[in-house]
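What follows is one structure encoded as structure tokens, with my remarks underneath.
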């Protein structure tokens, strides 16, 4: 499947650094020295071999135009960090936040696959850069934050998406153990959220 191993190694370096980001094929091609068409083939290889997956963009919004590019995640946090040659990830750092997001998305995907659920996973970002990290079917819109002090400012993207009236529940999932509901937005600790998913019929 990989005819030029040096191209593929360059691609792995770049895809690990850009793990959890939108797929810009031409940008990845420029940074890795690999043709954009080849980058697309390599992404497909990672998906076919279950070494990665795409998180599709949610494009059903009408009031706010949505970005259509998918995000790409490697199958495992440790592999992603090893390929990117990262050392210890410090809590409260930007990288910790991205890793926490990857962890929760991976857990949700695993739960849905285990339950053989037909609910699809998406993320949403408008062209004005309002964003929701994860959407599960039409049931949940979820903003993922690694903070232990979640607040209403973390729900801006959720409130914008809620204006579309297409998702049933809106959640901020974080390390904050103080669980509450503010203006219709649920604030849950990540463990409570995982247990809630496991308990769904």
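Residue numbers (my numbering): 195 to 395.
Note that the Cβ used here is the ideal one computed from N, Cα and C, for glycine as well.
Just so it is clear, the structure is predicted and the values come from calculations on it, not from any experiment.
Sheet register partners of residue i (DSSP bridge)
i	result
residue 368	383
residue 326	318
residue 336	328 and 365
Minimum C-alpha distance to residue i - residue among the options
i	options	result
residue 313	304, 321 and 320	304
residue 279	306, 344, 248 and 211	211
residue 237	310, 366 and 206	206
residue 203	218, 223, 215 and 217	223
residue 335	240, 289, 251 and 235	251
residue 274	356, 259, 294 and 351	294
residue 355	326, 366, 373 and 332	326
residue 384	298, 263 and 231	298
residue 217	208, 265, 261 and 290	265
residue 263	372, 318, 388 and 346	318
residue 382	365, 395, 376 and 393	365
residue 360	215, 199, 254 and 220	254
residue 296	257, 395, 259 and 367	367
residue 332	358, 349, 322 and 375	358
residue 257	353, 201, 291 and 213	353
residue 271	286, 300 and 259	300
residue 323	214, 261 and 349	261
residue 242	316, 200, 201 and 269	269
Residue i in three-state terms, based on DSSP
i	result
residue 290	helix
residue 246	strand
residue 237	helix
residue 396	There is no way to answer for residue 396, as the model of the chain reaches only from 195 to 395.
residue 251	strand
residue 278	coil
residue 393	helix
residue 260	strand
residue 216	strand
residue 345	coil
residue 295	helix
residue 228	coil
residue 221	helix
residue 359	coil
residue 388	helix
residue 307	helix
Residue range of the beta strand (DSSP E) that includes residue i
i	result
residue 267	265-268
residue 375	374-376
8 Å contact criterion, which residue i and residue j should meet: CB distance rounded
i	j	result
residue 369	residue 341	6 Å
residue 247	residue 267	6 Å
residue 329	residue 302	With 8 Å as the limit, residue 329 and residue 302 do not qualify as a contact, their Cβ atoms being about 10 Å apart.
Opening and closing residue of the alpha helix (DSSP H) in which residue i lies
i	result
residue 199	199-211
residue 355	350-356
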